[in-house]
Amino acid sequence: MTLLRLQTNSPYGHSTSVYAINGSVPGPTVRIKRGEVFRTRVVNQLIDEPLVIHWHGLLSPEEMDGHPRQQVESGQSYDVQFQVNQRGATCWYHSHTDMLTAEQVYKGLAGLFIIDDPEYDDLDLPSGDRDIPLVIVDWRSNAQCQLTYSTSMADRMRGYLGDEALVNGTPEAWLAVDQGRYRFRLLNGSNARIFKLAFSDNRPFHLIGTDGGLLGEPIEVTNAILTPGQRLEILVDFANVPAGESVTLRSLGMPRDAGLPWLSQDLELDLLTLHVEHPATLDPWPIALAPFENWRSEDAVRTRKFTLSSSAGIHYINGKLFEMNRVDFKPPQGDLEIWEYQNMGQVHHPMHMHAANFQVLERIGRGPMTPEDEGWRDTVLVNPGETVRVLVRFEAETGLFLHHCHNLEHEDAGM
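So for the sequence shown, our numbering puts the first residue at -12; every next one is plus one.
Rendered as structure tokens:
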């Protein structure tokens, strides 16, 4: 387990109470090779709170996945063991406790889980100290510099939005780099904040991976949307930044929707300042990455429709709220299906499914698909007034798995 600690220019100088995993926030990065067995023991040392951990993006067995039915009380523990038998990817883990997920994640119960794939070894992607994991969250600043969690009706409706960013647990974070090429593994670990990532000088960068692993080929962009629960892998070089100067990774904020102003996600945030210290030699850009099979909609055997709606801080899927032991449907193993999400409300819903990766097929009502829709995803953003269709096939594990919104306030409210 490793954790990259960034440096800070912050003048805060305060001690902050957190929910730590093995003494760190975010939790230590788990790094494992494809085919290896992951083993750990989850010990709940929280005071008077139950706990269960979900291995987000991992195709784990039902009994290891982190369903709220499996949560344990304070002072109890449970063992996790499963073989990691899936393509290389940047995944993560986080609290999945019934009605406490939002507060526990906000206070620190999350970390990265990276699967290294021997099939990618010949791609010559940046590695070592050029392979940088970045856990990005927003937090609500206060004079005491505490991760205080107290929701209003507005928070329950739009999600708990902060006004400052933390990167790897660090405010006003910065990192020394050279003029070479870097691989950034980006996780949006926020409760509700959607990041529109770009660099301060508008430099292009290349998308090389999404939730479920590498793309078929790099895609050049100047910005990319990263919604709660999602991961992006990008390549960026600083060859044209003079030594001694800096460039900043920022979030540009989402365009204001037609809804009420307090529902907006238009706040701009500085995330990470990159100080270029000395020259470096650039390697050629990779032309191809990982083999990728595009599924065809005409091969789908059925379509399932999900209507997303909200009222007074309560959020529904097909008019229903979560019930611990209810089973809504049973997808046959191996069938290709279309899942269609229709957002009838004025707030964003990042929809996440356990036990499978999917391919985004179509966006209707708000514009075309974007580059970050490419590849394998386990979480997709459904904007207000939009319909999104995805292709999914469950073929890894059987059992009872969750399907929910990854806006954590929405999830805790029953979505």
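From the three backbone atoms N, C-alpha and C, an ideal C-beta is built for every residue, glycine too.
Quick check: the Cα distance between residue i and residue j, rounded to an integer number of angstroms?
i: E264; j: P229; result: 8 Å
i: L222; j: R313; result: 43 Å
i: E255; j: K183; result: 9 Å
i: P318; j: H41; result: 21 Å
i: R117; j: Q58; result: 37 Å
i: G386; j: L46; result: 12 Å
i: G62; j: V30; result: 7 Å
i: H393; j: F279; result: 26 Å
i: L121; j: N155; result: 6 Å
i: G22; j: H391; result: 28 Å
i: F100; j: N305; result: 32 Å
i: E359; j: M86; result: 30 Å
i: N189; j: F316; result: 45 Å
i: T138; j: E90; result: 10 Å
i: M(-12); j: N178; result: In this prediction, M(-12) scores a pLDDT of 34, lower than 50, which makes its location untrustworthy; the coordinate-derived value is nonetheless stated afterwards. When rounded, the distance between both Cα atoms is 24 Å.
i: A267; j: L162; result: 16 Å
i: L378; j: T290; result: 9 Å
i: L213; j: N227; result: 26 Å
i: E207; j: G354; result: 19 Å
i: D403; j: D150; result: Residue 403 lies beyond the stretch modelled for the chain, which goes from -12 to 402, so this question has no answer here.
i: Y65; j: R26; result: 11 Å
i: E396; j: M144; result: 8 Å
i: Y136; j: K94; result: 8 Å
i: I8; j: E159; result: 22 Å
i: D125; j: G98; result: 15 Å
i: E327; j: H336; result: 13 Å
i: E361; j: V12; result: 30 Å
i: S(-3); j: A185; result: In this predicted model, S(-3) has a pLDDT of only 48, less than 50, meaning its place in the structure is not dependable; the value taken from the coordinates is given anyway. Between S(-3) and A185, the C-alpha separation is close to 22 Å.
i: H339; j: P215; result: 10 Å
i: D445; j: A76; result: There is simply no residue 445 to check, as the chain begins at -12 and stops at 402 in what is shown.
i: N281; j: G203; result: 10 Å
Could you tell me the boundaries of the beta strand (DSSP E) in which residue i lies?
i: D224; result: R218 to D224
i: L378; result: T374 to R380
i: T88; result: Taken as a continuous stretch (DSSP letters only), T88 belongs to no beta strand (DSSP E), being part of the alpha helix (DSSP H) at T88 to Y93.
i: R145; result: Looking at the DSSP string, R145 is not in any beta strand (DSSP E); the run it does join, the alpha helix (DSSP H), is M140 to R145.
i: N370; result: Counting along the chain, N370 falls outside any beta strand (DSSP E), and DSSP gives it neither H nor E.
i: R18; result: G14 to K20
i: I119; result: D118 to W126
i: W42; result: I40 to H43
i: V29; result: V24 to V30
i: A383; result: No beta strand (DSSP E) holds A383; DSSP gives it neither H nor E.
i: Y65; result: S64 to Q70
i: F100; result: A97 to D103
Let me make sure I understand the geometry here. Which of the options has the alpha-carbon closest to that of residue i?
i: H262; options: E106, S177, Q166 and K292; result: Q166
i: M311; options: I34, V30 and F388; result: F388
i: E384; options: P355, D109, C78 and A342; result: A342
i: R74; options: S2, N31 and G199; result: G199
i: V369; options: W363, R380, G362 and G352; result: G352
i: V5; options: L96, T357 and P271; result: L96
i: P15; options: C78, G53, H193 and R145; result: C78
i: E60; options: H81, I34 and T197; result: I34
i: Y147; options: S128, E159 and A163; result: S128
i: I195; options: E90, I274, L395 and S296; result: I274
i: P242; options: V334, G98 and L348; result: V334
i: Y80; options: K94, E90, Y65 and G53; result: G53
i: E106; options: E36, M338 and K20; result: K20
i: W272; options: R168, L213 and Q252; result: R168
i: E50; options: T157, L38 and V67; result: V67
i: A404; options: V24, D111, D253 and D142; result: Because the chain here runs from -12 to 402, residue 404 falls outside it and cannot be looked at.
i: V39; options: Q70, V17, V92 and V24; result: V92
i: T3; options: V347, R56 and T157; result: T157
i: R56; options: D109, F309 and G372; result: F309
i: V347; options: Q320, P371 and R380; result: R380
Less than 7 Å separating the beta-carbons of residue i and residue j?
i: T366; j: Q217; result: yes
i: T84; j: E398; result: no
i: H302; j: M140; result: no
i: V288; j: D322; result: yes
i: R180; j: E220; result: no
i: L269; j: D224; result: yes
i: T357; j: Q329; result: no
i: L276; j: L258; result: no
i: D205; j: R170; result: Note that residue 205 is Pro in the sequence shown here, rather than Asp. Contact: no.
i: N72; j: I123; result: no
i: S406; j: G332; result: Shown here, the chain extends from -12 to 402; a query on residue 406 therefore has no answer.
i: T260; j: S233; result: yes
i: F69; j: P48; result: yes
Tell me where the alpha helix (DSSP H) around residue i begins and ends.
i: L174; result: Segment R168 to N175 is the beta strand (DSSP E) holding L174; no alpha helix (DSSP H) there.
i: H397; result: L395 to D399
i: A152; result: No alpha helix (DSSP H) contains A152, which is instead part of the beta strand (DSSP E) from E151 to V154.
Where are the beta strand (DSSP E) runs, 3 residues long or more, that stay fully inside the stretch 304 to 347, in chain order?
323 to 330 and 336 to 340
Run through the stretch 267 to 298 for me and flag every whole beta strand (DSSP E) of 3 or more residues, listed as ranges in chain order.
289 to 298
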